[in-house]
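Peer 1: Here it is, the structure in full.
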Amino acid sequence: MSKLSNYSTQEPDDNPYRQIELSIVEERLRQARQSFNLALFTTAICSGVTAGGAALLLNGTVAPGTLTTIGGVASSAYCFKFARDANDRLDKITSDLRKRN
């Protein structure tokens, strides 16, 4: 947050809405960080579920192991999509900032 605030004090204030724009960018960055952290956490959980399912499959408990493994793999795929979307949002913010300057 302070990096963007410092940036706003370095330039002359030609646009009265500059502070509002910076606040919006800061909020979008905060949300993107939170989305990335959530994706990282859920990916770790899903990996654990997948490993548990694989252990059940190796133990010979086929039906629960199969369900757990399929559930873990499917949720991991969704988490990777979630992380990619968060990364795309950060890329868009960076692109928008470069276009404005």
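Numbering (full-length UniProt numbering), first residue to last: 1 to 101. No residue lacks a Cβ here, since even glycine has one placed at the ideal position from N, Cα and C.
#1: With a CB to CB cut of under 6 Å and the five nearest residues on each side skipped, what residues in its chain are close to C79?
#2: T66 and L57: beta carbons closer than 8 Å?
#3: Drop a sphere of 10 angstroms on the beta-carbon of G48, count the other beta-carbons inside from all chains shown, and report buried for 16 or more, exposed for fewer.
#4: Count the CB pairs spanning the region 88-97 and the region 69-78 that are closer than 8 Å, and state whether there are at least three.
#5: Looking only at its chain, what residues have a beta carbon closer than 7 Å to the beta carbon of L29, apart from the 5 residues adjacent to it on each side?
Peer 2: Quick answer:
#1: A39, T42, T43, C46
#2: Their beta carbons are under 8 Å apart, which means T66 touches L57 by this criterion.
#3: Exposed, by the Cβ-count rule.
#4: no
#5: I93
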